[in-house]
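J.: Take this structure first; my questions come after.
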Amino acid sequence: MTEQAWKRPALERTKPHRQLAANISLTGSQQSPKASHAMTGAAKGAQLGYEVSEEQMEEGKAQARFHDIPGAASDLFGSGFSDLKGTVSSENFLALSERVMKDTLLWVEFVARSVQWQMPGSKSESNETSKSAEQTAPAGGGGFTTEVSSLQPVEVTFQPHPGAESRSLGVHDLRGLDAESPAITGVEVTRDGDQWRLRIGIGQSQPPGLYTGIVFDREDGAIRGSLSVAVKGG
Amino acid sequence: MTSEPTKVAIIGGGCSAMATAFDLTRPELEGQYQVTIFQQGFRLGGKGASGRGPGDRIEEHGLHIFMGFYENAFRLIRECYRELDRPSTSRFSDWDDVFKPDRLTGVKDDHHDGTASHWLTWFPPGAGTPGDPDAPPRMFSASEYMARGFQLLEATLLSARRDEVLDAKEENPEGLSPSSTPIEQVSRIFRLGQLGSIAVAVEAVHAARLIAESPTLISFPVLAKVVDMLSEFVNRRVHALVSRDTEMKRLFELIDLTLTAMRGSLQDGLISHPDGFDAISDLDWREWLKKHGATELTLNSSFLDTLYNIAFSYEQGDLRRPNAGAGEALRCAVRAFLTYRGSFFYKMQTGMGDAVFAPFYEVLRRRGVRFEFFHRLRNLQLSTALSSQTPSIEEMHFDVQARCKDGHDYLPLVDVDGIPCWPSEPLWDQLLDGRESKDKGVDFESHWDATTVENLRLKVGEDFDAVVLAVGLGEVPFVAGELLERFPHWKRMTEKVKTVATKAFQVWVSEDIEALGWRDDSVNLTGIPGPYETWADMTHLIAHESFPKEPKSLAYFCSSLITPDELPAQDDFEYKASYEAAIVVDSQRYLNENIGTVWPNAVDENGFRWALLVDPDGEEYQDPESSLRSQYIRVNLNPTDRYVLFTAGSSKHRISPLDYDVSNMTVAGDWTDAGLNVGCVEAAMMSGRVAAHAISTYPALEDIPGFDHP
Ligand SMILES: Cc1cc2nc3c(=O)[nH]c(=O)nc-3n(C[C@H](O)[C@H](O)[C@H](O)COP(=O)(O)OP(=O)(O)OC[C@H]3O[C@@H](n4cnc5c(N)ncnc54)[C@H](O)[C@@H]3O)c2cc1C
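Chains as they are written, first to last, in our numbering: chain G, 16 to 249; chain C, 65 to 774.
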């Protein structure tokens, strides 16, 4: 053969780039626009954590004391707690539950603190709580306003995911953690220019407790945030 | 340099070959490459081939589902459909007529009291659609992954919490009734208390996610600590609470698995490791999770089993020998869960051959690609270069299995209701002595059928310039013996990268899945007791078949098959027949004994109700044997058809299309080292694109999504 045989071309590289740290900035001076949002989320998360845990703990304790059931723990907790299996008294049972909840709270505090620590300039945004008669309370920020009309004191926590404001949003009914409580229905979501407005109406007979619902995207059904209302009772 | 095009011979016509041919013949390359595809037998597709059988029924190589992260596969398929330009009146005029989102996926979950239930997961839609032409180039950054991981967890927790409350209310009213016993009441209170702690976890995860979304504000050690704390919380506390509650248990497994993967990545420094996730490829996926503190509950969970099942990750097909490289599994999991667009899964609305390979065939032919069907490669002959020199392929030796009448080209497609489709058998009438071959039972795709009408030698410089070896891995030792002899790393690759045989079973049934007792929507379910672990409802395909008596449901079952690694000699005609006989017995047993776990009404006291099976020709059978034989059962034993595994420690032995062992040859296929390194359509197509780059430097590696990835 006289003609030059075809050969593969020389290549610039023959391996994938597998090290991606180079692509991301691990440190930086620019404050993310999400920072204030993060603060709000974490602080509210911690608060919500206390609410939920305390409420459930109290109810659980009361029930267990009322019925005074020995051995309940092993039955409820299964083999996970081998040290408590067998002769578990209701006292142990309560102690154990309390420990679980306390650890949880410690943990939530840790997260909240670590966020705060990262952002020394930020301050927590207080939740809207009112003990007055019929009221309308705006809350939230960054393109969102929540309006609550309620005769009972309530605390609203609205957590949109980043970018939610540019989507078409809806809110599922807010369900109580107590399955027997009626849901808070008919949360209205309207948009006026750049501003989103969430209207929540809470009836006088709404049992106290925590109600949560998912903020969803009307177009693709994706979850875009969450809305919680703690009804505090008269 | 001459202006003559470079003659590229692609050996094999599977996904990888289609991708190479498609990229090399793009109009931008102005005809620089004249491509010929040499394919044994009568059809393209390889492990993704399908054919139309009696009653136009679709007969698949095995169940094929596409995933929403298949950026390369979808990009090429979408471009192919655009170029195909079918009339808008066609049922399958564009890619999204053919690929439909499929969101419900399930795992069978065994409980320690011996009962079982099904865990059905619904994945929220991801932004955009896979292969979006205008999508900006993807950066697979660690911080994005962390943020998306937390986001997915949060979404799962939120939706599960809501369902839990609804379930408790609607489905289990007696548990909530005032007349329940004290213990039930306390149990209920604590169940709700558990929900409380999950609620706390939701908020905690949310906070952690927000931290992760602010990479400019946080250092990874702090994030690692947060993840650690979160895992600690989950492990020590929630675990104990959930061990008796199915829904909680599943949530726990999911959270634990995700957090373990995150923690492991941080602890092993994978984010800044020069080898990325390859750094952990020598460990088995489960082993690695264990090393990083995953609980026993998670390690033994059905969810984790699923990740092995869907990739047939069992050595020699033996379910007792799970083995999946941790690096590849992690890469695939993060790509699958965190980068999918549109739907998590996509199901084809017709056979894979008709959905993918017929359109590629038509478009490539229009571009001038030649197809040489019935050409089986026998040997790649290397030049006798000095050991210090890079050798080239000097000759290729083929067995021509059949010739067409009057020297015509073989035209492989048939029309089914206006759609060009692959038949399940060769179109015998086009072949010289076709009738005789059919009567003799010739099987051009069988490794154990040596039918040859001619031996063909193709010479470099005359018949071809460049070669792309795109056969299945199992075939490599049979066609590249000289390479294995010359290069120890080639030999090692064929020994270390393992393959597994598979089996598939399709059943057309006269009742719908609801009547059969399945209580949910159409589903893909894995973890059913064997011999077929996976069931996918494919009822939507019935409308595209033409049975005289229309079935009401269609089920595909699929699984790995136990075989030794060593293959019998090519004249061992008993080998395939014995497995085929055994699979019929196995399938019969499956329907009699195990199908009741998903279709309780399909069985009575005598076992499976055989009259449920619908024959494609309208025959009615009473005996199990004949009923069963009217359905479609296949074993994939041919070396090239064996599924490619990614066992621990094997990835580093793969050969890359970019390696320069032979001066005029590259490789393509899901067995190569081309970025993803697992046995799937996306990996095969990526490899095909990388091979095109090796031949032409096009496409740029940066334009092959997912190639550069930890
Ligand atoms: C049962 C099963 C189910 C699967 N399910 C899925 C799924 O749901 N999703 C997913 O993404 N992936 C799935 N896969 C994997 C996927 O099918 C493969 O990764 C992909 O098809 C491999 O493409 P390839 O081009 O690398 O090889 P192949 O498809 O094996 O192509 C090789 C080609 O070479 C030809 N050939 C072989 N030897 C010769 C020879 N000597 N001469 C000429 N031609 C030859 C073959 O006929 C074939 O056309 C599944 C695989 C199997 C086996």
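Where a beta carbon is used, it is the ideal one built from N, C-alpha and C, also for glycine.
(1) Would you mind giving the Cβ-Cβ distance between Leu368 of chain C and Thr362 of chain C, rounded to the nearest angstrom? I have them listed as a contact below 8 angstroms.
(2) For Asn700 of chain C, which of helix, strand or coil comes out of DSSP?
(3) Over what stretch of residues does the alpha helix (DSSP H) that includes Ala81 of chain C continue unbroken?
(4) How close, in whole Å, do the beta carbons of Gly119 of chain C and Ser610 of chain C come, if the pair is a contact with beta carbons under 8 angstroms?
(5) Where does Asp723 of chain C sit, in a helix, a strand or coil, going by DSSP?
(6) Which same chain residues end up closer than 7 angstroms to Leu230 of chain C when comparing Cβ atoms and leaving out the 5 residues on each side of it in sequence?
(7) Does the CB of Ala20 of chain G have a neighbour CB from chain C at under 8 angstroms?
(8) Distance cutoff 8 angstroms, beta carbons only. Does Ala224 of chain C sit that close to anything in chain G?
(9) Would you say Thr370 of chain C and Thr590 of chain C are within 8 angstroms of each other, going by their C-beta atoms?
(10) Determine the chain C residues that contact Thr29 of chain G at a beta-carbon separation under 7 angstroms, and present them in chain order.
(11) At 9 angstroms on the CB atoms, spell out the chain A contacts of Leu26 of chain G, in chain order.
(12) So the candidates are C:Gln695, C:Pro612 and C:Asn741; which of them puts its Cα closest to the Cα of Val648 of chain C?
(13) Which runs of the alpha helix (DSSP H) fall wholly inside the stretch 448-526 of chain C and span at least 4 residues, in chain order?
(14) Just to confirm, is the Cβ distance from Ala73 of chain C to Val531 of chain C under 8 angstroms?
(15) Taking Cβ to Cβ, would you say Leu225 of chain G is nearer than 8 angstroms to Val186 of chain G?
(16) Taking 8 angstroms as the threshold (C-beta atoms), are Phe133 of chain C and Pro194 of chain C in contact?
(17) Mind checking Thr205 of chain G: buried by the 16 CB within 10 Å criterion, or exposed?
(18) Along the stretch 331-352 of chain C, what residues have a CB closer than 7 angstroms to any CB found in chain G?
(19) Using the C-alpha atoms, what's the distance from Thr414 of chain C back to His608 of chain C?
(20) Does the distance from the CB of Lys640 of chain C to the CB of Asp576 of chain C come in under 8 angstroms?
(21) Is it buried or exposed, Glu392 of chain C, if we count other Cβ atoms within 10 angstroms and call 16 or more buried?
(22) Can you tell me whether Tyr226 of chain G is helix, strand or coil according to DSSP?
(23) If you check the beta carbons only, do Ile592 of chain C and Asn658 of chain C fall under 8 angstroms apart?
(24) Tell me the rounded alpha-carbon separation between Leu321 of chain C and Tyr620 of chain C.
(25) Quick one: what's got a C-beta closer than 7 angstroms to Ala248 of chain G's C-beta in the same chain, skipping five residues either side?
(26) Any C-beta of chain G sitting closer than 8 angstroms to the C-beta of Arg448 of chain C?
(27) For Glu644 of chain C, report the span of its alpha helix (DSSP H) as first-last.
(28) Just the chain G side, please: which residues come within less than 7 angstroms of Val524 of chain C by C-beta, in chain order?
(29) Within a Cβ cutoff of 7 angstroms, which residues of the same chain sit near Arg190 of chain G, ignoring the five residues on either side of it in sequence?
(30) Counting only beta-carbon separations shorter than 8 angstroms, does Gly739 of chain C have a partner in chain G?
(31) Please tell me whether Arg4 of chain G has its Cβ less than 8 angstroms away from any Cβ of chain C.
(32) Could you spell out the range, first to last residue, of the beta strand (DSSP E) harbouring Phe102 of chain C?
(33) According to a CB-to-CB cut-off of less than 8 angstroms, which residues of the stretch 621-655 of chain C neighbour chain G?
(34) Shorter than 8 angstroms from the beta carbon of Arg265 of chain G to some beta carbon of chain C?
(35) Among the candidates C:Ser727, C:Ile759, C:Pro552 and C:Arg718, whose CA atom is the shortest distance from the CA of Gln453 of chain C?
(36) Can you tell me whether His439 of chain C sits near ligand 1, meaning its C-beta is under 7 angstroms from at least one heavy atom of the ligand?
T.: Taking the definition as stated:
(1) 7 angstroms
(2) strand
(3) Cys79 to Leu88
(4) 6 angstroms
(5) coil
(6) Confidence is the limiting factor: at Leu230 of chain C the pLDDT is only 38, short of 50, which leaves the residue's position unreliable, though a coordinate-based value still follows. Correct list: empty, nothing qualifies.
(7) At least one CB of chain C lies nearer than 8 angstroms to the CB of Ala20 of chain G.
(8) In this predicted model, Ala224 of chain C has a pLDDT of only 49, less than 50, meaning its place in the structure is not dependable; the value taken from the coordinates is given anyway. For Ala224 of chain C, the answer is no, since every Cβ of chain G falls outside 8 angstroms of its Cβ.
(9) yes
(10) By Cβ distance, chain C contributes Ser720, Leu722 and Asp723.
(11) Looking for chain A here will not work: the only protein chains present are G and C.
(12) Ranked by Cα distance from Val648 of chain C, the first of C:Gln695, C:Pro612 and C:Asn741 is C:Gln695.
(13) 498-504
(14) yes
(15) No; because the gap between Cβ atoms is not below 8 angstroms, this pair is not in contact.
(16) yes
(17) With fewer than 16 Cβ atoms within 10 Å of its Cβ, Thr205 of chain G is classed as exposed.
(18) Ile335, Ser336, His337, Pro338, Asp339, Gly340 and Asp342
(19) For His608 of chain C and Thr414 of chain C, the gap between their C-alpha atoms comes out near 7 angstroms.
(20) no
(21) buried
(22) strand
(23) Taking a C-beta distance under 8 angstroms as the contact criterion, Ile592 of chain C and Asn658 of chain C qualify as a contact pair.
(24) 29 angstroms
(25) Inspection of the sequence shows that residue 248 of chain G is occupied by Gly rather than by Ala. Correct list, in chain order: Gln167 and Pro223.
(26) Reading off the sequence, residue 448 of chain C comes out as Thr, not Arg. No, no contact with chain G.
(27) Glu638 to Arg653
(28) Ala20
(29) Here the set comprises Ala198, Tyr226, Thr227 and Gly228.
(30) Yes, because at least one Cβ of chain G sits closer than 8 angstroms to the Cβ of Gly739 of chain C.
(31) For residue 4 of chain G there is no data in the structure shown, the boundaries of chain G being 16 and 249.
(32) From DSSP, the beta strand (DSSP E) with Phe102 of chain C extends over Tyr97 to Phe102.
(33) Cβ contacts with chain G come from no residue of the stretch 621-655 of chain C.
(34) Limits of chain G in this structure are 16 at one end and 249 at the other, which puts residue 265 of chain G out of reach.
(35) Answer by Cα proximity: C:Ser727.
(36) yes
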